[in-house]
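Each residue of the sequence shown is one higher than the one before, counting from 2 in my numbering.
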Amino acid sequence: MSNMSSGKRFQGKVAIVTASTDGIGLAIAKRLAEDGAHVMISSRKQKNVDAAVDQLRSEGLSVSGIVCHVAKEEHRRKLIEETLNKYGGIDILVSNAATNPAFDAVLSTSESVWDKIFEVNVKATFLLVKEIAPYIEKRGGGSIVLVSSIGGFVFSGLLGAYGTSKTAMFGLTKALVPQCAGMNIRINCIAPGLIRTRFSEALWKDPNVQADRLQSVPMNRIGEPSECAGVVSFLCSEDASYITGETIVIAGGQSARL
Ligand code: NAP
Numbered sequence: 002m003s004n005m006s007s008g009k010r011f012q013g014k015v016a017i018v019t020a021s022t023d024g025i026g027l028a029i030a031k032r033l034a035e036d037g038a039h040v041m042i043s044s045r046k047q048k049n050v051d052a053a054v055d056q057l058r059s060e061g062l063s064v065s066g067i068v069c070h071v072a073k074e075e076h077r078r079k080l081i082e083e084t085l086n087k088y089g090g091i092d093i094l095v096s097n098a099a100t101n102p103a104f105d106a107v108l109s110t111s112e113s114v115w116d117k118i119f120e121v122n123v124k125a126t127f128l129l130v131k132e133i134a135p136y137i138e139k140r141g142g143g144s145i146v147l148v149s150s151i152g153g154f155v156f157s158g159l160l161g162a163y164g165t166s167k168t169a170m171f172g173l174t175k176a177l178v179p180q181c182a183g184m185n186i187r188i189n190c191i192a193p194g195l196i197r198t199r200f201s202e203a204l205w206k207d208p209n210v211q212a213d214r215l216q217s218v219p220m221n222r223i224g225e226p227s228e229c230a231g232v233v234s235f236l237c238s239e240d241a242s243y244i245t246g247e248t249i250v251i252a253g254g255q256s257a258r259l
């Protein structure tokens, strides 16, 4: 068990984490399971789902998996059904999937790339919350965390459309607060900085590119997925029982404001 965890704070709870077969999502799934939750893992590719489930089960964790491309309605429906069939309810949702199909200056972004980014990053997040919140309410309440990005605060040259979609997630978090509060659901957001995953490889693999990126990071290192997972565990826990509508930046001191 991670030495950052504080006992079995999610014993008996059920969590859905999307895009959870690699990187930040996998680290979140692992951490919530270490903290006692039953976790439903998912992503687009069956082989990735199988590998992640095998890995976490080999560590003695309670996880299941299913294919779910978050932008596909049928996949989201099956994800929810499978979770209810397996575990009898849902207490926690972590919406982690995102895409960035191209690196373009914002005015050079094609309409199809723009649509894809907003479909996966914003619309599918909204739909997941809309579809899953009633089940969390049925359990008497719970917690939702959206995974945004520091890119929603700080706009670097070729990530303008992606960054704008991540800014929308800050707004979506705020917009959902009143109705979620009425359902006894807290909804918060995280904004990771540069974290060591496949998704961000172009920003850290080359030492020169990494050094350039770290100029704006006072801690002078990139973050690890587990450093996001600990914050998500906190936000979903009773330790955060009076926190809703907030975005926590996880970025080694990098300044982040709009
Ligand atoms: P990653 O390591 O590349 O992992 C991405 C995961 O998402 C994989 O499990 C992938 O599996 C799955 N996936 C991709 N598209 C999907 C879709 N449409 N539906 C469902 N699953 C999908 O990426 P990551 O860096 O952990 O990124 C996770 C989240 O963190 C994203 O929201 C990203 O914007 C955010 N973030 C990352 C960083 C960073 O520096 N890494 C910084 C800020 C924010 P399949 O290929 O099997 O689908």
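No residue lacks a Cβ here, since even glycine has one placed at the ideal position from N, Cα and C. Remember, it's a predicted structure, so these values are computed and weren't measured experimentally.
(Q) I'd like the list of long-range same chain contacts for ILE223, defined as Cβ closer than 6 Å, with 5 residues on each side in sequence excluded. (A) Here residue 223 corresponds to residue number 222 of the sequence shown, with the count starting at 1. Closer than 6 Å at the Cβ level, and outside the excluded window around ILE223, lie LEU195, ARG197, TRP205.
Self-check item: Inter-residue spacing [alpha-carbon to alpha-carbon] between SER6 and PHE235
Solution: Here residue 6 refers to the residue found at position 5 when the sequence shown is read from its first residue. Here residue 235 refers to the residue found at position 234 when the sequence shown is read from its first residue. Note that SER6 scores 46 on pLDDT, short of 50, meaning its location in the model is unreliable and no value can be drawn from it.
For a test of your reading of the model: does the CB of ARG32 fall under 8 Å from any non-hydrogen atom of the ligand NAP? Yes or no. Residue numbering aside, residue 32 sits at position 31 when the sequence shown is read from its first letter. Every heavy atom of the ligand NAP is 8 Å or more from the Cβ of ARG32, so no.
Measure how close the beta-carbons of SER217 and CYS190 come, nearest whole angstrom, since I'm counting them as under 8 Å. Taking the sequence shown and counting its residues from 1, one reaches residue 217 at position 216. Taking the sequence shown and counting its residues from 1, one reaches residue 190 at position 189. Rounded, the Cβ-Cβ distance is 21 Å, inconsistent with contact.
Enumerated in chain order, which unbroken segments of the alpha helix (DSSP H) with a length of 4 residues or greater are wholly contained in the stretch 63-89?
74-88
* To do: Would you be able to state if there are at least three C-beta pairs under 8 Å between the stretch 83-102 and the stretch 40-48?
  => yes
* **One or two residues paired with GLY224 in a DSSP bridge** => Against the sequence shown, residue 224 aligns to sequence position 223. Beta-bridge pairing links GLY224 to ILE196.
ask   = Short check: CB of ILE145 to CB of ILE81, under 9 Å?
value = Looking up residue 145 in the sequence shown gives position 144. Looking up residue 81 in the sequence shown gives position 80. Not in contact: ILE145 and ILE81 (Cβ atoms no closer than 9 Å).
Please determine, among GLU247, MET184, GLU228, GLU239, the residue with the shortest C-alpha to C-alpha distance to LYS31. What you label residue 31 is simply residue 30 of the sequence shown in a count that begins at 1. Nearest of GLU247, MET184, GLU228, GLU239 to LYS31, Cα basis: GLU228.
Legend entry - For ASP105, the residue or residues it bridges with in DSSP: Translated into the one-based positions of the sequence shown, residue 105 becomes position 104. DSSP output for ASP105 lists LEU160 as bridge partner(s).
Self-check item: When ARG10, LYS79, LYS14, GLY66 are compared against LYS48, the one with the closest alpha-carbon
Solution: On the sequence shown, position 47 is the one that residue 48 refers to. Selected option, being the one with the closest Cα: GLY66.
>> Check this for me: beta carbons of PHE11 and CYS181, under 9 Å apart or not?
In response: On the sequence shown, position 10 is the one that residue 11 refers to. On the sequence shown, position 180 is the one that residue 181 refers to. Not a contact, by the Cβ cut-off of 9 Å.
For the beta strand (DSSP E) containing VAL146, name the first residue and the last one. Residue mapping note: residue 146 aligns to position 145 of the sequence shown, counting from 1. It spans 143-148 - the beta strand (DSSP E) in which VAL146 sits, taken as one unbroken run.
Considering only residues of the same chain and omitting the five flanking positions on each side of LYS175, which have a CB-CB separation below 6 Å?
-> Here residue 175 refers to the residue found at position 174 of the sequence shown. Excluding sequence neighbours, LYS175 sits near GLY246.
**Request:** Confirm, please, whether the CB-CB distance from ALA192 to VAL250 is below 9 Å.
**Result:** In the sequence shown, residue 250 corresponds to position 249, counting from 1. In the sequence shown, residue 192 corresponds to position 191, counting from 1. In this structure, ALA192 lies closer than 9 Å to VAL250 by Cβ.
Selection from GLU202, THR165, PRO135 that minimises the alpha carbon distance to ILE186:
The residue you call residue 186 lines up with position 185 of the sequence shown. Selected option, being the one with the closest Cα: PRO135.
ask   = Does the ligand NAP have a heavy atom nearer than 8 Å to the CB of PRO193?
value = Within the sequence shown, the letter at position 192 stands for residue 193. Yes, Cβ of PRO193 sits closer than 8 Å to a heavy atom of the ligand NAP.
Notebook entry, point to check: The alpha helix (DSSP H) spanning SER21 covers which residue range?
Noted result: Here residue 21 corresponds to residue number 20 of the sequence shown, with the count starting at 1. Here SER21 belongs to no alpha helix (DSSP H), and DSSP marks it neither H nor E.
Is MET170 buried or exposed, if buried means 16 or more other CB atoms sit within 10 Å of its CB? Locating residue 170 in the sequence shown gives position 169, where the first residue counts as 1. MET170 comes out buried.
Compare the Cα-Cα distances from LEU131 to each of ARG78, GLU239, ASN221, PRO102 and report the closest residue.
Counting from one through the sequence shown, the residue named residue 131 turns up at place 130. A quick correction: the sequence has Lys, not Leu, at residue 131. Measuring from the Cα of LYS131, the nearest candidate turns out to be ARG78.
Can the beta-carbon of VAL253 be found less than 9 Å from the beta-carbon of ASN221? In the sequence shown, the residue the question calls residue 253 occupies position 252. In the sequence shown, the residue the question calls residue 221 occupies position 220. Inspection of the sequence shows that residue 253 is occupied by Gly rather than by Val. Yes.
Would LEU259 and THR165 qualify as a contact pair, given that the criterion is a beta-carbon distance under 9 Å? Indexing the sequence shown from 1 puts residue 259 at position 258. Indexing the sequence shown from 1 puts residue 165 at position 164. Contact flag unset, no.
*In angstroms, rounded to a whole number, what distance separates the CA positions of PHE104 and VAL155?*
Within the sequence shown, the letter at position 103 stands for residue 104. Within the sequence shown, the letter at position 154 stands for residue 155. Using only the alpha carbons, I get a separation of about 16 Å.
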